[in-house]
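In our numbering, the protein residues as written are 13 to 180.
Beta carbons are placed, not taken as given, at the ideal position from N, Cα and C, and that holds for glycine.
Report on one structure; see the data block that follows.
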């Protein structure tokens, strides 16, 4: 959304672990034995744990055509930086920038709000439509909470299309 420079979006995980009394190991997990409380790492072998948190993040599904110019995924994060740069360039033009967001969950809603804010901050106009596969956006939230988010986004010019699954 442009509120923070990219360098503030990065966390030095090694320093964070050290400050908390932990140890940072850069490696790839290739196995897990929950009974033995052990993870198997590609280069460092076995590592035991008392508590384990797996924060893998989400991966967007492969959609035919999503590798074409003008289509951006939310991961890797560099893709969002590329999207931001393209939008900032396009907001300099007179025509509104049309943005379709595939996904009516938390990420899609956050992205819609950030793009609306980015357009306003750059003196541009955006026509943003969030495509949700379900009956409403933010189905994982209680209806009242989802309605509040939806109303906020609608006040900012975001439109929604429910029952819409992107296949290409």
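Problem - Rounded distance between the beta-carbons of residue 130 and residue 99, thought under 8 Å - result: Indexing the chain shown from 1 puts residue 99 at position 87. Indexing the chain shown from 1 puts residue 130 at position 118. About 6 Å; that satisfies the 8 Å criterion.
Problem - Pair within 8 Å by beta-carbon distance, residue 116 and residue 142 - result: Start at 1 with the first residue of the chain shown, and residue 116 comes out as number 104. Start at 1 with the first residue of the chain shown, and residue 142 comes out as number 130. Yes.
Exercise for the section: For residue 173, name the three-state secondary structure that DSSP assigns. Expected result: Taking the chain shown and counting its residues from 1, the one referred to as residue 173 is at position 161. In the three-state DSSP reduction, residue 173 falls in the strand class (E or B).
Exercise for the section: In the DSSP assignment, find the alpha helix (DSSP H) that holds residue 28 and state where it starts and stops. Expected result: On the chain shown, position 16 is the one that residue 28 refers to. That run of the alpha helix (DSSP H) goes 25-31.
Practice task
Find the nearest neighbour of residue 44 within the set 173, 156, 88, 65, judged by alpha-carbon distance.
Solution key: If you number the chain shown from 1, residue 44 lands on position 32. If we check each option's Cα against that of residue 44, 65 comes out closest.
Exercise for the section: Whole angstroms is fine: what's the gap from residue 79's alpha carbon to residue 42's? Expected result: Mapped onto the chain shown, residue 79 falls at position 67. Mapped onto the chain shown, residue 42 falls at position 30. Using only the alpha carbons, I get a separation of about 28 Å.
Handout entry: Burial state of residue 114 (16 or more Cβ within 10 Å)
Key = Within the chain shown, residue 114 is the residue found at index 102, counting from 1. Buried.
Practice task
Name the two residues that bound the continuous alpha helix (DSSP H) containing residue 138.
Solution key: Translated into positions along the chain shown, residue 138 becomes position 126. Taken as a continuous stretch (DSSP letters only), residue 138 belongs to no alpha helix (DSSP H), being part of the beta strand (DSSP E) at 138-144.
Practice task
Out of 160, 146, 164, point me to the one whose CA is closest to residue 177's CA.
Solution key: The count along the chain shown starts at 1 and reaches residue 177 at position 165. Measuring from the Cα of residue 177, the nearest candidate turns out to be 146.
Problem - Extent of the continuous beta strand (DSSP E) to which residue 60 belongs - result: The residue given as residue 60 occupies position 48 in the chain shown. Per DSSP, residue 60 belongs to the beta strand (DSSP E) from 57-60.
Exercise for the section: Taking 8 Å as the cut-off, decide whether the C-beta atoms of residue 111 and residue 136 are in contact. Expected result: Here residue 111 is taken as the residue at index 99 of the chain shown, counted from 1. Here residue 136 is taken as the residue at index 124 of the chain shown, counted from 1. Going by C-beta atoms, residue 111 is not nearer than 8 Å to residue 136.
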